[in-house]
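Protein chains in written order, with this note's numbering: chain A, 1 to 503; chain B, 504 to 1006. The beta-carbon is built from N, C-alpha and C at its ideal position, and this holds for glycine as well.
There are 2 protein chains.
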Amino acid sequence: MIKMQNADLKKILEKYKEIYILGEIPALLGWDQNTYMPQAAAENRALQITAIEEIITNKWNNAELRSLIESLDDTVLNEVESAAIRNIRRVTKYYFKVPKKTILHAAGVYSKAFSAWQVAKQNDDFASFAPHLTEVVALKKEIAGYLGTQKNPYDALLDLYEPGLTSVDCENVFSYLQPKITSLLERITASAEYKKPISFLEKPHRYEIQKQQELSAFLLQKMTFASNETRLDESAHPFTTGIGRHDIRITTKYHEDDMRSAYAATIHEAGHGLYELGVDNAYDYSPFAGGVSLGIHESQSRFWENQIGRSPQFLQYMEPIFETLFPAAFGGATTQDILKYVNYVKPGLIRIESDEVTYNLHIMVRYEIESGLLNNTISVTEIPEVWREKMKKYLGVVPTTDREGCLQDVHWSYGDMGYFPTYCLGTLFAAQFTETMKKDIVLDNLIKTGSLAPIREWLRTHIHAQGSRYMPKEIIKRVTGEDLNPKYFVDYLEKKYSAIYAL
Amino acid sequence: MIKMQNADLKKILEKYKEIYILGEIPALLGWDQNTYMPQAAAENRALQITAIEEIITNKWNNAELRSLIESLDDTVLNEVESAAIRNIRRVTKYYFKVPKKTILHAAGVYSKAFSAWQVAKQNDDFASFAPHLTEVVALKKEIAGYLGTQKNPYDALLDLYEPGLTSVDCENVFSYLQPKITSLLERITASAEYKKPISFLEKPHRYEIQKQQELSAFLLQKMTFASNETRLDESAHPFTTGIGRHDIRITTKYHEDDMRSAYAATIHEAGHGLYELGVDNAYDYSPFAGGVSLGIHESQSRFWENQIGRSPQFLQYMEPIFETLFPAAFGGATTQDILKYVNYVKPGLIRIESDEVTYNLHIMVRYEIESGLLNNTISVTEIPEVWREKMKKYLGVVPTTDREGCLQDVHWSYGDMGYFPTYCLGTLFAAQFTETMKKDIVLDNLIKTGSLAPIREWLRTHIHAQGSRYMPKEIIKRVTGEDLNPKYFVDYLEKKYSAIYAL
Chain A
1 MIKMQNADLK KILEKYKEIY ILGEIPALLG WDQNTYMPQA AAENRALQIT
51 AIEEIITNKW NNAELRSLIE SLDDTVLNEV ESAAIRNIRR VTKYYFKVPK
101 KTILHAAGVY SKAFSAWQVA KQNDDFASFA PHLTEVVALK KEIAGYLGTQ
151 KNPYDALLDL YEPGLTSVDC ENVFSYLQPK ITSLLERITA SAEYKKPISF
201 LEKPHRYEIQ KQQELSAFLL QKMTFASNET RLDESAHPFT TGIGRHDIRI
251 TTKYHEDDMR SAYAATIHEA GHGLYELGVD NAYDYSPFAG GVSLGIHESQ
301 SRFWENQIGR SPQFLQYMEP IFETLFPAAF GGATTQDILK YVNYVKPGLI
351 RIESDEVTYN LHIMVRYEIE SGLLNNTISV TEIPEVWREK MKKYLGVVPT
401 TDREGCLQDV HWSYGDMGYF PTYCLGTLFA AQFTETMKKD IVLDNLIKTG
451 SLAPIREWLR THIHAQGSRY MPKEIIKRVT GEDLNPKYFV DYLEKKYSAI
501 YAL
Chain B
504 MIKMQNADLK KILEKYKEIY ILGEIPALLG WDQNTYMPQA AAENRALQIT
554 AIEEIITNKW NNAELRSLIE SLDDTVLNEV ESAAIRNIRR VTKYYFKVPK
604 KTILHAAGVY SKAFSAWQVA KQNDDFASFA PHLTEVVALK KEIAGYLGTQ
654 KNPYDALLDL YEPGLTSVDC ENVFSYLQPK ITSLLERITA SAEYKKPISF
704 LEKPHRYEIQ KQQELSAFLL QKMTFASNET RLDESAHPFT TGIGRHDIRI
754 TTKYHEDDMR SAYAATIHEA GHGLYELGVD NAYDYSPFAG GVSLGIHESQ
804 SRFWENQIGR SPQFLQYMEP IFETLFPAAF GGATTQDILK YVNYVKPGLI
854 RIESDEVTYN LHIMVRYEIE SGLLNNTISV TEIPEVWREK MKKYLGVVPT
904 TDREGCLQDV HWSYGDMGYF PTYCLGTLFA AQFTETMKKD IVLDNLIKTG
954 SLAPIREWLR THIHAQGSRY MPKEIIKRVT GEDLNPKYFV DYLEKKYSAI
1004 YAL
């Protein structure tokens, strides 16, 4: 545990640890629900999660603790102590400003909205989900109202996921990115190389699940993902969860007809996992434990997934391994075939299936709709139509069903609004970190030889070990010497895809 | 939920439900720890379990709830209401009478004793475990003191596991059983049939794990163990746990060189599981939810394991299935070979590997030592010596190590003293229930044809559905028309083993 001098702060930190431990329990309940829980237990599981969440809410709202947190005099604290109470106040802001009634009511609304979303998506029936989404949006507005006095209520939500992020930040980033991505996309799809078919895909292949499992195990071992502190399981949607300091679990999803999704998901989630595993042990159970924000977290997963997993250098290293595991598919494949297969660029309807060039365009569609909902310029019933318009505008494709349109993502039903932009931020941070990293280590050579341990070490030293000691904007500045700069991401895409498609 | 009229009782039941739901959470924490939790997470898991247990202890000790429970006037209640408050008072007795300080201290003592036991067992080093066990015994005496004014302090502990069970009950049962079992054992081991080798075991066989998994799945399906409400996993020691009304999980353990342990464990644990699954839905979250006692629970697991799984009729039904799954081992086996293989009687050192004839002799050894410890006639340091004496006396075998002697079982390190006798009770109840069942259904014919559903239905109607509505002694009386009678068990053994060994 980190040493603090201030007596009141010490008392607060003791309570913080107590609540921190309780907070690990819903993580297990959630992991289990997504992996091994028997189907019929869902309703009961919701009761268990609500029960423990209520206890945590009550613990934060304990009058004595609240008074200690609110009245602590910042001026007498040193820098580390200030950072600690800042982090605690970031957590408690939600519990102190939003009425307990609203917090618990929200849990019920999200739970019902989630079930309604599952059915609506299956039946392609947005109308049945709309009343639930209307309730969610009303609740998010109410919560934004409690949380802050920002000009834009959406900013209050953004800040919950990414400390300090504002809609102005997002708009600056998106207005910079969008024309550059669109231009690159046009040049790629118009290229002669793009039009050449990938020879080994001319007939369908079967990628044995057991071999894909071996591949995942190999990747985790390469990434030095310590097996005595981690697990890899399978779930419908891959995710990472921390159940304890030495208990970081990731999931992947195997598809028999396409090995790319499990390949990317395993690397991506292990990237999240390495961040959590790498936090300095001195921060255990303290306000500095764990990753600092969704954006920084996503930078780690995206870095491993894209800058490593989809790089020409690593694919070259993996080529003989792919051939051994899946001889029928990869036996006759050229290096260029594999590179294009794993980096296939195509404007599509589904965010989670999209490539790294078009991915952020999907985020923009969601950002603009969320922002419109919070600022009353878009109503819930208009979403399907607005979705189609924006997909047409940014990606040039239009879904014919809402299942492949505005019903595709789970986030809104869970009450997660303001979350999507952090996915985009992650890709930008990853590219910016990569350029800094290259000043210290010869990245391409390490990747080419499958020597990933020094890469992990660099990330651990510069990013992981710090946990939540610094806010995201501070981390970027400390690590890269400058503020977020989306130019690095654009340069990365330009360079990589110009090479692949001979632009 | 069951309908209650009394207004105070209704208030109590609302709180009961709240605590009941929280109580399901440590069940998941425990299940996970024994199945999938990464190795390095043990210390953290202990903190999580302690945290939730402390919350539950505090909830029971809430002054308003406690006052409602203690002051409820029994004389105005109807019979169902009386049963409900009786059950609640059985639970709260522990929380109200034992000081909170002691309850939480005990959790720490057991946790350390458990770790010490693991090391001591591995190193065959009783001396290193002795100080921990001394602490456990002192604590059990202290707790027994808080709980009651019984003549024998051991009775207070027995009652925690098996409502109403006393040391006088145990002694009556054991003094009846012991000479009869010893006599049967002597006749079996002296018989000509016993001395004939089991031909197919003349060389060792390998039982492929995947085939054993198929066998387990087949058995569960035969037992109508609904897969959408259950799971089967593997753990070092097989167990059953209920994590929710529709979430009953069992584990088994596969050994490559012997298929009997997984065969018996899967059936045994599914027997426990069927009991929990069969409780009337009207009792959900009420004091009547779940099985009533360890003894009745064990009667269900033992019934399925022994009266079904090890019966000549079921083994005859299984013979072609064994042959298909394990052709090398069972291909040349005779029906009699298989019967003797699965029912091999041998006085041995290890309780969990023992057969149904000698099993209860192992329980007697433990019962006498526990009783002696609680009544100060045996000291902790004397245990290894006393163990050897009693093993010699009852089983005629003497362990040369404590690992195979008094360190073999986990129970004492967990603070479970007074638990072992319920294993014996279970075998007696199972035999007694079986005789009653035979008045309603043609058991042997059903078993012979693998028609297990009507057997489950009989158990559900007569035992499972009642949950904890009636106390164990009431259940025996209501179902069989008489009190516990160990004669049924002795008759069952005599008949079965006389046939197998041509006595």
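>> Counting only beta-carbon separations shorter than 8 Å, does residue 44(A) have a partner in chain B?
In response: yes
> Span of the beta strand (DSSP E) holding residue 248(A)?
Replying inline: 247 to 252
>> Our contact map puts residue 370(A) next to residue 420(A) with C-beta atoms below 8 Å; I'd like the distance itself, whole angstroms only.
In response: 7 Å
> Since residue 229(A) meets chain B, which of its residues come closer than 9 Å, beta carbon to beta carbon?
Replying inline: 541, 542, 543, 544
>> Quick check on residue 628(B) - is its C-beta less than 8 Å from some C-beta in chain A?
In response: no
>> Let me check understanding here. Comparing Cα to Cα, which of 965(B), 590(B), 728(B), 856(B) lies closest to residue 761(B)?
In response: 856(B)
> If you drop the 5 nearest sequence neighbours on each side, which residues of the same chain put their C-beta closer than 8 Å to that of residue 390(A)?
Replying inline: 364, 365, 368, 369
> What's the gap between the Cα of residue 728(B) and the Cα of residue 801(B)?
Replying inline: 17 Å
>> Here's the rule: buried if 16 or more other CB atoms are within 10 angstroms of the residue's CB, otherwise exposed. What is residue 230(A)?
In response: buried
>> Taking beta-carbon pairs under 9 Å, can you tell me which members of the stretch 230 to 249 of chain A lie near chain B?
In response: 230, 231, 233, 243, 244, 245, 246, 247, 248, 249
>> Between which two residues does the beta strand (DSSP E) holding residue 605(B) run?
In response: That residue, residue 605(B), is in no beta strand (DSSP E); its alpha helix (DSSP H) goes 603 to 626.
>> If you reduce the DSSP assignment to three classes, tell me which class residue 244(A) lands in.
In response: strand
> Name the chain A residues that come within less than 9 Å of residue 711(B), Cβ to Cβ?
Replying inline: What residue 711(B) touches in chain A: nothing, since even the nearest Cβ is about 16 Å away.
> Skipping 5 residues on each side, what residues in its chain have a beta carbon closer than 7 Å to that of residue 783(B)?
Replying inline: 968, 970
> Taking only beta-carbon atoms, is residue 452(A) less than 8 Å away from chain C?
Replying inline: No chain C appears in this structure, whose protein chains are A and B.
> Are residue 39(A) and residue 524(B) close, meaning C-beta to C-beta below 8 Å?
Replying inline: no
> Taking just the CA atoms, how far does residue 981(B) sit from residue 943(B)?
Replying inline: 15 Å
> Secondary structure at residue 491(A), three-state DSSP: helix, strand or coil?
Replying inline: helix
> Comparing alpha-carbon positions, which option in 721(B), 558(B), 939(B), 613(B) lies nearest residue 528(B)?
Replying inline: 558(B)
> In chain A, which residues lie less than 9 Å from residue 780(B) when you measure between Cβ atoms?
Replying inline: Here the premise fails: no neighbours, minimum Cβ distance about 10 Å.
> Quick one, which of 583(B), 949(B), 878(B) has its alpha-carbon nearest residue 657(B)'s?
Replying inline: 878(B)
>> Output needed for residue 194(A): all residues of its chain with C-beta closer than 8 Å, excluding positions within five of it in sequence on either side, in chain order.
In response: 188, 345, 501
> Just by C-beta distance, which residues in the stretch 14 to 39 of chain A are closer than 8 Å to chain B?
Replying inline: 18, 21, 22, 24, 25, 28, 29, 32, 36, 37, 38, 39
>> Once the 5 residues before and after residue 5(A) are set aside, which same chain residues still bring their CB inside 8 Å of it?
In response: 78, 81
> Using a C-beta to C-beta distance shorter than 9 Å, which residues of chain A count as neighbours of residue 720(B)?
Replying inline: Those do not exist, as residue 720(B) stays about 15 Å from chain A at its closest Cβ, beyond 9 Å.
> What are the boundary residues of the alpha helix (DSSP H) that includes residue 505(A)?
Replying inline: Residue 505(A) falls outside the range modelled here, since chain A spans only 1 to 503, and no answer is possible.
> What residues in the stretch 46 to 63 of chain A have a beta carbon less than 8 Å from any beta carbon of chain B?
Replying inline: 47, 48, 51, 52, 55
> With a cut-off of 8 Å, do at least 3 Cβ pairs link the stretch 834 to 847 of chain B to the stretch 696 to 716 of chain B?
Replying inline: yes
> Opposite residue 258(A) in the DSSP bridges: which residues?
Replying inline: 255(A)
> Looking only at its own chain, which residues have a Cβ that is under 7 Å from the Cβ of residue 241(A), when we skip the five neighbours before and after it?
Replying inline: 27, 30, 31, 249
>> To the nearest angstrom, how far is the alpha carbon of residue 715(B) from that of residue 828(B)?
In response: 8 Å
> In chain order, what residues of the same chain lie with their CB nearer than 7 Å to the CB of residue 112(A), ignoring the 5 residues before and after it?
Replying inline: 132
>> Within 8 Å, do at least three Cβ pairs link the stretch 620 to 637 of chain B to the stretch 906 to 924 of chain B?
In response: yes
>> Are the CB atoms of residue 771(B) and residue 808(B) within a distance shorter than 8 Å?
In response: yes
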